[in-house]
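Right, one structure below, let's go through it.
Protein chains in written order, with UniProt numbering: chain Y, 1 to 312; chain A, 1 to 282.
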């Protein structure tokens with residue numbers, strides 16, 4: 001099967017996932033105590049106003065028809081209006097989500113920069129002191145909750161050493177990068193621990209393979225063997241794992257944004273929960289789930305490119 | 001499968017053969033559960049007693065973990081929090097373990113369409129960022145531990161289901177499964193009495209990791225104000241209490257966090273050791 005038809009088939013697989021996402025978020029809001037009309041109008045609404053709102057929102061229709069309306073609205077980018085901020089949810093998400101995505105992307109880069117070299121050191125010096133230290137440190141990192149790591153970094157690097165701001169987002173791209181460095185490092189720590197563990201095992205597996213012996217016997221320089229042959233093959237399972245961890249990373253971003261007071265989608269989500277702003281919660285849940293499924297798609301494609309056997 | 005030998009292994013031999021990680025993890029977990037069941041025996045003070053003569057004291061001999069802004073002894077609060085956090089570890093995961101394992105067993109044995117459908121459900125559920133979905137569910141049900149258990153339960157079972165289904169698929173092709181079928185046993189007996197006991201290892205090992213994850217999740221929700229509610233002593237809540245005193249009284253947040261890290265290490269060391277132990281016994 002060709003690469004193109006693999007991608008096509010993989011995109012088709014997203015359809016049931018998207019349908020499920022929509023069903024869950026639709027049902028979730030229907031489970032709420034009270035009805036949307038009184039949520040919008042308040043407790044002392046008149047019956048006529050409630051009926052008018054219900055008709056406008058399509059709530060006087062059968063539940064299945066309501067779902068179709070909901071799906072149509074989502075696909076036309078209409079996620080309703082925020083109850084507390086009085087602006088369209090879609091616009092709020094468009095403002096806040098890029099912040100979260102930048103934070104997540106920075107965390108992913110930092111995690112890879114930490115995990116790849118350390119995994120090699122650890123794998124190639126297996127059982128020695130450096131291996132034990134690296135693995136021990138990452139094991140501790142894995143047991144730390146994200147918000148705690150964030151607080152510790154804040155206490156050390158912001159409150160005491162004054163190297164980084166205590167929170168916020170700054171103005172301009174480079175200020176963003178500077179403000180997001182500690183939060184991204186916070187997120188990267190547990191991700192790099194998971195990637196490191198997997199990559200280390202993969203490198204140990206690959207180093208013993210015959211094609212690596214052959215590459216060495218050909219007289220290839222050791223660095224070339226490591227980058228061309230070992231790294232590429234060891235990365236395959238790590239890329240898959242990386243995709244699976246994106247959901248965890250976004251979850252962590254929700255907490256991290258709260259700790260560092262970053263105006264991203266996660267912070268918006270928590271604020272909306274305190275404010276019982278359900279349209280925003282619903283819209284954000286959809287948006288974040290769609291981001292994750294797109295990243296799943298991307299990692300599957302990268303994996304197929306690294307290892308053509310996957311596409312078969 | 002177990003190797004049948006003439007002799008029963010002696011107890012000290014078994015202990016000696018246990019992986020070191022399992023022993024260290026086991027000791028940490030044993031101590032954690034003892035603290036969780038009998039916090040009053042170990043806590044030097046009442047965890048909720050205000051002491052206006054000892055506000056924001058740094059760690060001293062009298063208060064090894066310091067005191068908070070109400071003069072409450074942090075060591076006692078951290079110890080009392082074991083009760084809630086160990087409860088979170090067990091209660092949040094026990095239903096997903098049982099339900100997920102049973103569903104996984106049925107799915108793995110049935111195969112075909114059932115398995116394909118299950119695969120789609122799993123894909124769809126893992127597409128939601130776990131914490132985001134839990135937060136969304138908790139926001140609908142309201143904050144609190146019970147609602148957190150419900151939210152986790154809705155999602156978490158798929159991980160056990162997937163692990164068990166994969167293992168059952170391996171086991172059902174082995175000779176003893178055929179033997180059971182040839183004997184005329186009903187499929188339910190073959191699955192639950194014969195295959196499942198041999199297919200539970202991955203789910204059991206994952207349970208250890210999952211309990212550590214449950215504590216991380218529970219404390220994260222506590223920190224955000226969506227889990228255990230103050231004045232309950234829960235590690236995440238304690239850390240949140242201290243965040244406003246980060247620059248002046250670091251100890252309020254630091255020590256509860258250490259308790260999370262040590263307990264998490266206990267679960268993952270025990271889990272790693274258990275995996276190794278079960279692997280070598282085969």
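Note that beta-carbon positions come from the ideal geometry of N, C-alpha and C, so glycine has one too.
Spatial neighbours of residue i within its chain, please: CB distance less than 7 Å, with the 5 preceding and 5 following residues excluded, ordered by chain position.
i, result
"residue 58 of chain A", "66 and 251"
"residue 238 of chain Y", "195, 198, 199 and 202"
"residue 67 of chain Y", "26"
"residue 125 of chain A", "155 and 158"
"residue 71 of chain Y", "22"
Got a sec? Which residues, its chain only, sit under 6 Å from residue i by beta carbon, not counting five neighbours each side?
i, result
"residue 116 of chain A", "none"
"residue 29 of chain Y", "278 and 282"
"residue 226 of chain Y", "none"
"residue 267 of chain A", "208, 211 and 212"
Note the first and the last residue of the continuous alpha helix (DSSP H) segment covering residue i.
i, result
"residue 169 of chain A", "145-171"
"residue 10 of chain Y", "3-12"
"residue 235 of chain A", "235-242"
"residue 207 of chain A", "201-224"
"residue 136 of chain Y", "129-142"
"residue 26 of chain A", "20-37"
"residue 269 of chain Y", "265-274"
"residue 104 of chain Y", "89-124"
"residue 74 of chain A", "74-110"
"residue 256 of chain Y", "232-259"
"residue 194 of chain Y", "173-207"
"residue 301 of chain Y", "278-306"
"residue 135 of chain A", "130-141"
Can you tell me whether residue i is buried or exposed, with buried defined as 16 or more other CB within 10 angstroms of its CB?
i, result
"residue 295 of chain Y", "buried"
"residue 147 of chain A", "buried"
"residue 274 of chain A", "buried"
"residue 217 of chain Y", "exposed"
"residue 101 of chain A", "buried"
"residue 289 of chain A", "The question about residue 289 of chain A has no answer here: the residues shown for chain A are numbered 1 through 282."
"residue 183 of chain A", "exposed"
"residue 123 of chain Y", "buried"
"residue 210 of chain Y", "exposed"
"residue 2 of chain A", "With a pLDDT of 48 at residue 2 of chain A, under the threshold of 50, the modelled position of that residue is not reliable, and the figure given next carries that caveat. Residue 2 of chain A is exposed by the Cβ-count criterion."
"residue 252 of chain Y", "buried"
"residue 284 of chain A", "The requested residue 284 of chain A does not occur in the structure, where chain A is confined to residues 1 to 282."
"residue 303 of chain Y", "buried"
Shortest alpha-carbon distance to residue i belongs to which of the options?
i, options, result
"residue 186 of chain Y", "Y/198, Y/221 and Y/144", "Y/144"
"residue 41 of chain A", "A/29, A/79, A/256 and A/49", "A/79"
"residue 138 of chain A", "A/228, A/99, A/151 and A/126", "A/151"
"residue 156 of chain A", "A/128, A/71 and A/82", "A/128"
"residue 230 of chain Y", "Y/205, Y/243, Y/254 and Y/242", "Y/205"
"residue 343 of chain Y", "Y/265, Y/285 and Y/275", "In the structure as shown, chain Y starts at 1 and stops at 312, and residue 343 of chain Y therefore has no counterpart that could be examined."
"residue 96 of chain A", "A/162, A/21 and A/188", "A/162"
"residue 74 of chain A", "A/216, A/204 and A/49", "A/49"
"residue 193 of chain Y", "Y/242, Y/180, Y/158 and Y/232", "Y/242"
"residue 357 of chain Y", "Y/207, Y/275, Y/290 and Y/17", "Any property of residue 357 of chain Y remains undetermined from this structure, which presents chain Y solely from 1 to 312."
"residue 24 of chain Y", "Y/286, Y/305, Y/293 and Y/306", "Y/286"
If I measure Cβ to Cβ from residue i and keep anything under 8 Å in the same chain, skipping five residues before and after, which residues do I get?
i, result
"residue 77 of chain Y", "90"
"residue 283 of chain A", "Within the shown structure, residues of chain A are numbered from 1 to 282, placing residue 283 of chain A beyond reach of any answer."
"residue 181 of chain Y", "106 and 164"
"residue 220 of chain A", "131, 227 and 236"
"residue 159 of chain Y", "166"
"residue 258 of chain Y", "147, 266, 267 and 270"
Proximal residues, the stretch 191-214 of chain A versus chain Y, C-beta separation under 8 Å: If the cut-off is 8 Å between Cβ atoms, the stretch 191-214 of chain A has 212 near chain Y.
Under 8 Å (Cβ pairs) to chain Y, residues found in the stretch 217-239 of chain A: Within the stretch 217-239 of chain A, the residues whose Cβ lies closer than 8 Å to some Cβ of chain Y are 219, 220, 223, 224, 225, 226, 236 and 239, listed in chain order.
Closer than 7 Å between beta carbons: that is the criterion. Which residues of the stretch 1-18 of chain Y meet it against chain A? The residues in question are 16 and 17.
Using a beta-carbon distance cut-off of less than 8 Å, what residues from the stretch 104-126 of chain Y approach chain A? Answer set for the stretch 104-126 of chain Y: empty.
So if I threshold CB-CB distances at 9 Å, which residues from the stretch 277-292 of chain Y count as touching chain A? Under the 9 Å Cβ criterion, the stretch 277-292 of chain Y contributes 278, 281, 282, 284, 285, 288, 289, 290, 291 and 292.
With 9 Å as the C-beta to C-beta threshold (strictly closer), list the residues of the stretch 243-257 of chain Y near chain A in chain order. Listed by position along the chain: 244, 246, 247, 248, 249, 250, 251, 252, 253, 254 and 255.
Given a limit of 9 Å on CB to CB distance, which residues of the stretch 118-137 of chain A reach chain Y? Within the stretch 118-137 of chain A, the qualifying residues are 120, 121, 123, 124, 125, 126, 127, 128, 129, 130, 131, 132, 133, 134, 135, 136 and 137.
Mind listing which residues of the stretch 134-154 of chain Y have their C-beta closer than 8 Å to chain A's C-betas, in chain order? Per Cβ criterion, the list reads 139, 140, 142, 143, 144, 145, 146, 147, 148, 151, 152 and 154.
Relative to chain Y, which residues along the stretch 263-274 of chain A have a C-beta separation below 7 Å, given in chain order? Per Cβ criterion, the list reads 264, 265 and 268.
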